[in-house]
Amino acid sequence: MSALELAAATKEHPGSPPVTALRSVTLTIGEGEFAALVGPSGSGKSTLLAIAGTLERPTSGSVRIAGTAVAHLPDRELAAVRAHRIGFVFQQFFLVPTLSALDNVASGLLYRGIPAEQRRQAARDALATVGLSHRVRHRPGQLSGGEQQRTAIARALVGKPAVILADEPTGSLDTASGREILVLLGSLNAAGSTILVATHDPEIASAVPRTVRLRDGAIESDSGSMP
Amino acid sequence: MSGRLRREAQQPRSGHRSRLRPADTGALAALGVAGRPIRALLSALGIALGVATLVAVLGISGSSRAQLIAQIDALGTNMLTVTPGQSLTGGQAVLPSTAPAMVRRIAPVQSAAAIGQVNANVYRNDRIPAVNTDAITVFSAQPSLLQTLQGHLARGRFLNPATARLPAVVLGASAAAALGVDRADGTTQVWLGGHWFAVAGILEPLPLASELDRTALVGFPVARRLLGASGSPAEIYVRTNPVSVAAVTGVLAATADPAAPQNVTIGNPADALTARAHASVAFQSLFLGLGAIALLIGGIGIANVMVISVLERRGEIGLRRALGATRTHIAVQFIAESALLALAGGAGGAVLGGFATAVYATARHWHAVVPAPTLAAALTAAVAVGAVAGVYPALRAARLSPAEALRTV
Numbered sequence: 000m001s002a003l004e005l006a007a008a009t010k011e012h013p014g015s016p017p018v019t020a021l022r023s024v025t026l027t028i029g030e031g032e033f034a035a036l037v038g039p040s041g042s043g044k045s046t047l048l049a050i051a052g053t054l055e056r057p058t059s060g061s062v063r064i065a066g067t068a069v070a071h072l073p074d075r076e077l078a079a080v081r082a083h084r085i086g087f088v089f090q091q092f093f094l095v096p097t098l099s100a101l102d103n104v105a106s107g108l109l110y111r112g113i114p115a116e117q118r119r120q121a122a123r124d125a126l127a128t129v130g131l132s133h134r135v136r137h138r139p140g141q142l143s144g145g146e147q148q149r150t151a152i153a154r155a156l157v158g159k160p161a162v163i164l165a166d167e168p169t170g171s172l173d174t175a176s177g178r179e180i181l182v183l184l185g186s187l188n189a190a191g192s193t194i195l196v197a198t199h200d201p202e203i204a205s206a207v208p209r210t211v212r213l214r215d216g217a218i219e220s221d222s223g224s225m226p
Numbered sequence: 000m001s002g003r004l005r006r007e008a009q010q011p012r013s014g015h016r017s018r019l020r021p022a023d024t025g026a027l028a029a030l031g032v033a034g035r036p037i038r039a040l041l042s043a044l045g046i047a048l049g050v051a052t053l054v055a056v057l058g059i060s061g062s063s064r065a066q067l068i069a070q071i072d073a074l075g076t077n078m079l080t081v082t083p084g085q086s087l088t089g090g091q092a093v094l095p096s097t098a099p100a101m102v103r104r105i106a107p108v109q110s111a112a113a114i115g116q117v118n119a120n121v122y123r124n125d126r127i128p129a130v131n132t133d134a135i136t137v138f139s140a141q142p143s144l145l146q147t148l149q150g151h152l153a154r155g156r157f158l159n160p161a162t163a164r165l166p167a168v169v170l171g172a173s174a175a176a177a178l179g180v181d182r183a184d185g186t187t188q189v190w191l192g193g194h195w196f197a198v199a200g201i202l203e204p205l206p207l208a209s210e211l212d213r214t215a216l217v218g219f220p221v222a223r224r225l226l227g228a229s230g231s232p233a234e235i236y237v238r239t240n241p242v243s244v245a246a247v248t249g250v251l252a253a254t255a256d257p258a259a260p261q262n263v264t265i266g267n268p269a270d271a272l273t274a275r276a277h278a279s280v281a282f283q284s285l286f287l288g289l290g291a292i293a294l295l296i297g298g299i300g301i302a303n304v305m306v307i308s309v310l311e312r313r314g315e316i317g318l319r320r321a322l323g324a325t326r327t328h329i330a331v332q333f334i335a336e337s338a339l340l341a342l343a344g345g346a347g348g349a350v351l352g353g354f355a356t357a358v359y360a361t362a363r364h365w366h367a368v369v370p371a372p373t374l375a376a377a378l379t380a381a382v383a384v385g386a387v388a389g390v391y392p393a394l395r396a397a398r399l400s401p402a403e404a405l406r407t408v
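As they're listed, the protein sequences go chains E and D. Heads up: the first sequence begins at 0 in numbering that gives the first Met the number 0, then just goes up one per residue. Heads up: the second sequence begins at 0 in numbering that gives the first Met the number 0, then just goes up one per residue.
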């Protein structure tokens, strides 16, 4: 079973003239893969990631996450898919400034209805995985950019999702911190996580096993999935 | 079986659901409020003022009522009145003149005293035109009246068996004021029913028998002799043993007029006053209305702040949707936050209102009373206003598309 499957996924934004952000994209990300979406601004990377993450519905085509077709699910069930199957990492981190790193990570399990103590325990483990055991009680404002993004990655992986979707995870970081994040993502992938990264950082693109190049909303090239 | 299949068909294949625990909803609301403390303080202020007004108005009027009832209780709730009612034929009934003596023979009755109708008017002197009665009524009274009413004299003495035979008069508090009499040493005389009567005493106001405050009281014998009164009682005041009030009430009519007990009306002035105190809400409604308006304006303030908050927190809303929150979870979070703001404001207002009540009551030497149901009702109203105020912002937050919410930050 593949972690993520897009079949002829198309996204049109209504208007005059209508804008086609994604043209009949067919893409399969297998379990345990680490792939990068690359392409210039406006090529449809973010739209593809949003559709893959069920944050947006495709105009046509189908999306399956861990085998579940999501294109026509009602909001309640899409939310359930996001809560249980998908981990998101954003360029702007989106950490809650008044919460400690631990509680920010624990909020990754908030909408699963898990008791707070269990959430915190899992969050402690996830912070250890990203190497931030010494920053558990710190608030985002007391962390460096790289540490904040590692906290956000811990929040994405705390629920052991089928796939982690990262939109420009190094976009707000300096080169050194960006490299650290890339190394972290690589080691998470080595430990079994399925990761899809949208980036225009050539360093990431070259370091990732599979590169999918987008242009004008269509796949221009795909270095191919692992055997 | 088919029902179960249908249910499974509605679920994602994994069977996992998006779920937010109630305790976590509360924590989210607290997080939202605590995250912007100054803004929370300002937006809760309106609700606080509204609740403070409601609590203070109800507290002060409740304290004043409690004080009044305590005063009535101190006067004794064991006083009863006997008056002639309507006879069966519709005319005014008459109590037998033996009634006071009969009533005194009821064992638990401690004292009883009658007053009798006198067809006379009282004037400061004989030059006053007859129409200027100052609305003062003249009654004959038995000497035991003062003790039965537990009344007090401002000046002079009450009637006694000796002065009851002489042209002497005791004036009620407002009657004395109306006549301009402030001496009761026997040198002051008033013109009563065509005779000079010496003022023997002036009463203090009688809270349990305020109808006597504007009367002039003379003795039964002198009323019969000089003023042509019949001597039949117009009203009998009865003081009983406090534990036997009900028993005495039951036999009073038959004792006062054994021939026609149905013509006798029994009253309990303390009960009547207490009931009136409980019913005195007239002056409250204006202030309660003001409090309600303040509460409403507070609610509008909270709605405004929450709308702005939703605009500012699009990123957080997008994040929560990405973490698996349903639209309902988002809406509930904002409604809970709004209700919590109002609850905080309401609690502050309750303290403020309680404090105002305490200050006012202390200044008047009352015992401050803020009834618990009042507090509960005020807080409930505040939370309800807050929750309603949160509905529109919450729906706006829930309606945001997650991708758009994340993109616009």
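Backbone N, C-alpha and C define an ideal beta-carbon position, used for all residues, glycine too.
| field | C-beta atoms of L394 (chain D) and G314 (chain D) nearer than 9 Å | value | Not a contact, by the Cβ cut-off of 9 Å.
| request: Examine chain E for any beta-carbon lying closer than 9 Å to the beta-carbon of P401 (chain D), and answer yes or no. | output: yes
| message | In this structure, how does DSSP classify I71 (chain D) when only helix, strand and coil are distinguished? | response | helix
| Between P201 (chain D) and L152 (chain D), which are expected to be in contact by the criterion C-beta below 8 Å, what is the C-beta distance as a whole number of angstroms? | It should be noted that the sequence gives Ile, not Pro, for residue 201 (chain D). Yes, I201 (chain D) and L152 (chain D) are in contact; Cβ-Cβ is about 7 Å, under 8 Å.
| task | If I'm right that A388 (chain D) touches A330 (chain D) with Cβ under 8 Å, what's the distance once you round it to whole angstroms? | result | That pair is no contact at about 14 Å.
| said: Closest to I296 (chain D) by C-alpha separation, out of D:A22, D:A26 and D:L48, would be which residue? | reply: D:L48
| query | In the DSSP assignment, what residue or residues form a beta bridge with D166 (chain E)? | reply | E:A197
| request: Go through the segment 97-180 of chain E residue by residue and report every complete run of the beta strand (DSSP E) that reaches 3 residues or more, in order. | output: 162-166
| task | Express the C-alpha separation of F333 (chain D) and A390 (chain D) in angstroms, rounding to a whole number. | result | Rather than Ala, the amino acid found at residue 390 (chain D) in this sequence is Val. Near 8 Å, if we compare the C-alpha coordinates of F333 (chain D) and V390 (chain D).
| message | Using C-beta distances below 6 Å, list every residue in its chain close to A208 (chain D), excluding the 5 sequence neighbours before and after it, in chain order. | response | L148
| query | Smallest Cα separation from L322 (chain D): which of E:P73, E:E146 and E:R154? | reply | Checked all of E:P73, E:E146 and E:R154; the closest Cα to L322 (chain D) is E:R154.
| task | Flag A324 (chain D) as yes if its beta-carbon sits less than 9 Å from any beta-carbon of chain E, otherwise no. | result | yes
| What in chain E is Cβ-close to L339 (chain D), meaning under 8 Å? | Neighbours of L339 (chain D) on chain E: none; closest Cβ ~15 Å, over 8 Å.
| request: Would you grab the beta carbon distance between V157 (chain E) and A100 (chain E) for me? Rounded to a whole angstrom, and I think it's under 8 Å. | output: Rounded, the Cβ-Cβ distance is 12 Å, inconsistent with contact.
| said: Taking the beta strand (DSSP E) that R154 (chain D) belongs to, which residues open and close that run? | reply: From DSSP, the beta strand (DSSP E) with R154 (chain D) extends over L152 to G155.
| said: Taking the straight line between their C-alpha atoms, what separation do you get for A204 (chain E) and L184 (chain E)? | reply: 13 Å
| said: Looking at the secondary structure, which residues open and close the alpha helix (DSSP H) in which H83 (chain E) lies? | reply: D74 to R84
| Span of the alpha helix (DSSP H), counted from its first residue to its last, around P401 (chain D) | P401 to R406
| request: Using a Cβ cut-off of 9 Å (strictly closer), state whether T407 (chain D) contacts chain E. | output: no
| field | Alpha-carbon spacing of A197 (chain D) relative to Q66 (chain D), whole angstroms | value | 38 Å
| message | For a minimum of 4 consecutive residues, which ranges assigned as the alpha helix (DSSP H) are wholly contained in the segment 316-380 of chain D? | response | 326-362
| field | Buried versus exposed call for S186 (chain E) [16 or more other C-beta atoms within 10 Å across all chains shown] | value | By the 10 Å Cβ count, S186 (chain E) comes out exposed.
| task | Over the uninterrupted beta strand (DSSP E) stretch that includes D221 (chain E), give me the two end residues. | result | A217 to D221
| query | Mapping DSSP to helix, strand and coil, what is R213 (chain D)? | reply | coil
| task | Go ahead and label D166 (chain E) buried or exposed: buried means 16 or more other beta carbons lie within 10 angstroms of its beta carbon, across all protein chains shown. | result | buried
| request: To the nearest angstrom, report how far apart V189 (chain D) and W195 (chain D) are at their CA atoms. | output: 6 Å
| task | Could you run through the segment 46-57 of chain E and flag, in chain order, every residue whose CB is less than 9 Å away from some CB of chain D? | result | Listed by position, the residues of the segment 46-57 of chain E near chain D (Cβ gap below 9 Å) are T46, A49, I50, G52, T53, L54 and E55.
| request: Within its chain, find whatever has a CB closer than 8 Å to the CB of G179 (chain D); leave out the 5 residues flanking it on each side and keep chain order. | output: R123
| Would you call the CB atoms of Q116 (chain D) and A228 (chain D) closer than 9 Å? | yes
| message | Suppose the cutoff is 6 Å on Cβ atoms and the five residues either side in sequence are ignored; what does the same chain contact list for V368 (chain D) look like? | response | The residues are G61, S62 and A65.
| said: Can you give me the C-alpha to C-alpha distance between G29 (chain E) and L142 (chain E), rounded to a whole angstrom? | reply: 34 Å
| query | Mind checking if A321 (chain D) is an interface residue toward chain C, Cβ cutoff 9 Å exclusive? | reply | In summary, chain C is missing from the structure at hand, where the protein chains are E and D.
| field | Contact list for V157 (chain E) against chain D, beta-carbon separation under 7 Å | value | Within chain D, no residue comes near V157 (chain E); the closest Cβ sits about 10 Å away, beyond 7 Å.
| query | How should A371 (chain D) be labelled, buried or exposed, when 16 other C-beta atoms within 10 angstroms of its C-beta is the threshold for buried? | reply | exposed
| query | Which partner residues of S110 (chain D) appear in the DSSP bridge assignment? | reply | Partner(s): D:R238.
| query | Nearest to I105 (chain D) by CA position, among D:S400, D:Q283, D:S243 and D:F157, is which residue? | reply | D:S243
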